[in-house]
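Participant: Per the UniProt record's numbering: the sequence shown = residues 1 to 142. Glycine residues also receive a C-beta, built at the ideal position from the N, C-alpha and C atoms.
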Amino acid sequence: MGEPHGFSRVEDVRGTTLQLNLFTIVTIATLSIVSVLGLGLAAGGITVLYKQIGNWLNLLQFGFIVLISAPAFDLGWMALLPLAHGSALLQRAMIDGTRLWEFTPTELTLLFGVALGYLVAGFALFQYTTRRARHLGVLGDY
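If you want it as structure tokens, here you go:
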């Protein structure tokens, strides 16, 4: 019996089956990554202004691991963090086989809102810090 178009199953050595619907996975992963882009813009703006934050950025990488593994469905407020809600939706899509249109409108709106919110906030912070850096005259090093 064949699988529907764009859908496949992967089984690991323990017998756990992952269901891969390409459209669902790419859409959720893309929206999850957009929130990280917002954090990247914010970090870039702070770097332009303060220059010496390399160690802080290394610690931020470990924070991403926490965000990916955060129990977004168990603690409602964690769904507002970048990557947390998207990671939880990806788990449901791959383990339970839930397709994009089978998620509730609230879940999809939250995913889109978190992605857009972090992107807009990161871009706004980047714009502010680059303007401030120009005003202070610290952009000459670049």
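Is DSSP giving residue 132 helix, strand or coil here?
Facilitator: Taking the first residue of the sequence shown as position 1, residue 132 is located at position 132. DSSP places residue 132 in helix when its eight states are reduced to three.
Participant: Do the segment 21-30 and the segment 74-84 make contact, defined as three or more Cβ pairs closer than 8 Å?
Facilitator: Because the criterion of three Cβ pairs below 8 Å is not met, the segment 21-30 and the segment 74-84 do not touch.
Participant: Go ahead and pull the three-state DSSP assignment for residue 44.
Facilitator: Along the sequence shown, read from residue 1 onward, the residue named residue 44 stands at position 44. Correct three-state label for residue 44: helix.
Participant: Report whether the distance from the Cβ of residue 26 to the nearest heavy atom of the ligand FAD is below 7 Å.
Facilitator: By its list of ligands, the structure shown contains no ligand whatsoever, and the ligand FAD lies outside what it can speak to.
Participant: Between the C-alpha atoms of residue 104 and residue 50, what's the straight-line distance to the nearest angstrom?
Facilitator: As a position in the sequence shown, residue 104 is number 104, starting the count at 1. As a position in the sequence shown, residue 50 is number 50, starting the count at 1. When rounded, the distance between both Cα atoms is 42 Å.
Participant: Start and end of the alpha helix (DSSP H) containing residue 139?
Facilitator: Indexing the sequence shown from 1 puts residue 139 at position 139. Run containing residue 139: none; DSSP gives neither H nor E here.
Participant: When you compare the CB positions of residue 41 and residue 112, do they come within less than 8 Å of one another, or not?
Facilitator: Against the sequence shown, residue 41 aligns to sequence position 41. Against the sequence shown, residue 112 aligns to sequence position 112. Contact: no.
Participant: If you follow the alpha helix (DSSP H) that residue 90 is in, where does it begin and where does it stop?
Facilitator: As a working mapping, residue 90 is identified with position 90 in the sequence shown. Looking at the DSSP string, the run of the alpha helix (DSSP H) that includes residue 90 is 84-91.
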